[in-house]
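A.B. asks: Take any residue in the sequence shown, note its place counting from 1, add 3, and you have its number in this note's numbering.
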Amino acid sequence: MAKTGFAEYITFAVILRRFGSYFAPRGLGEEREKMTMRLVVTIALFSLVIALALPPMAAADAAADYKAKCQACHGPGGVPSEGMAKSMGMKPLGGADVQGMSDADLTAAIANGKGKMKGFKGTLTDAQISDLVKYIRTLKK
Ligand code: HEC
4 MAKTGFAEYI TFAVILRRFG SYFAPRGLGE EREKMTMRLV VTIALFSLVI ALALPPMAAA
64 DAAADYKAKC QACHGPGGVP SEGMAKSMGM KPLGGADVQG MSDADLTAAI ANGKGKMKGF
124 KGTLTDAQIS DLVKYIRTLK K
């Protein structure tokens, strides 16, 4: 995720550089070109700060999504209550069985549903589901 943010930043900076020369074409005076470049650099730096701040924001979103949509069944920290585990049959998300599943299997279970759990495709975006898979990895015991 941090790498993605950085790549987006580079792309954005390159696009801004292009725009900079578009708004300040040669012949309009060096002063104006300099000012435009300063603006471009400022915006590029600002976008770097945002790009670096995005991954922690995604993690916070996943924790909030988990609390709102998953915790009622899977319990705090992925540990279901005894009653829940008995009636629904799910295992602790941080336990070896679930952690032994591949990211693709976890994604499919969340998106399409499994056992008594309905699928969340349509309720959650692909990005939210992918962040939840990463969140589940943090619950590993
Ligand atoms: C209505 C209760 C309920 C809710 C809400 C729920 N789950 Fe489940 N979940 C289950 C049950 C039941 C299973 C299947 C257990 C089995 O049969 O193996 C399951 C299975 C899973 C699995 C596959 C691992 C396993 O134990 O088989 C994952 C991953 C998972 N849930 C994640 C989530 C996430 C993330 C959310 C929130 C977006 C969520 N669940 C919401 C009940 C629920």
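Just so it is clear, CB atoms sit at the ideal spot from N, CA and C, and this is done for glycine as well. Since the structure is predicted, the reported quantities are computational estimates derived from the model, not experimental observations.
#1: Quick one: grab the DSSP three-state call for M4.
#2: When burial is assigned at 16 or more other CB atoms within 10 Å of the CB, is D68 buried or exposed?
#3: Name the one or two DSSP bridge partners that G116 has.
#4: Could you give the distance in angstroms between the alpha-carbon of A107 and the alpha-carbon of V43?
#5: Can you name, in chain order, every residue of its own chain whose Cβ lies under 6 Å from the Cβ of P95, other than the five neighbours on each side?
#6: DSSP on L127, reduced to helix/strand/coil?
#7: In this structure, how does DSSP classify L96 when only helix, strand and coil are distinguished?
C.D. replies: The relevant details are as follows:
#1: Position 1 of the sequence shown, counted from the first residue, corresponds to residue 4. Its pLDDT being 46, under 50, M4 is placed unreliably by the model, and the measurement read from it follows with that caveat. Here M4 carries a coil assignment [DSSP, helix/strand/coil].
#2: Indexing the sequence shown from 1 puts residue 68 at position 65. By the beta-carbon neighbour count (other beta carbons within 10 angstroms, threshold 16), D68 is buried.
#3: Locating residue 116 in the sequence shown gives position 113, where the first residue counts as 1. The partner list for G116 (beta bridge, DSSP) reads K121.
#4: Within the sequence shown, residue 107 is the residue found at index 104, counting from 1. Within the sequence shown, residue 43 is the residue found at index 40, counting from 1. When rounded, the distance between both Cα atoms is 40 Å.
#5: For the purposes of this step, residue 95 is taken as the residue at position 92 of the sequence shown. G81 and V82.
#6: Translated into the one-based positions of the sequence shown, residue 127 becomes position 124. Of the three classes helix, strand and coil, the one that applies to L127 here is strand, per DSSP.
#7: The sequence position of residue 96 within the sequence shown is 93, counting from 1. In this structure, L96 counts as coil in the three-state DSSP scheme.
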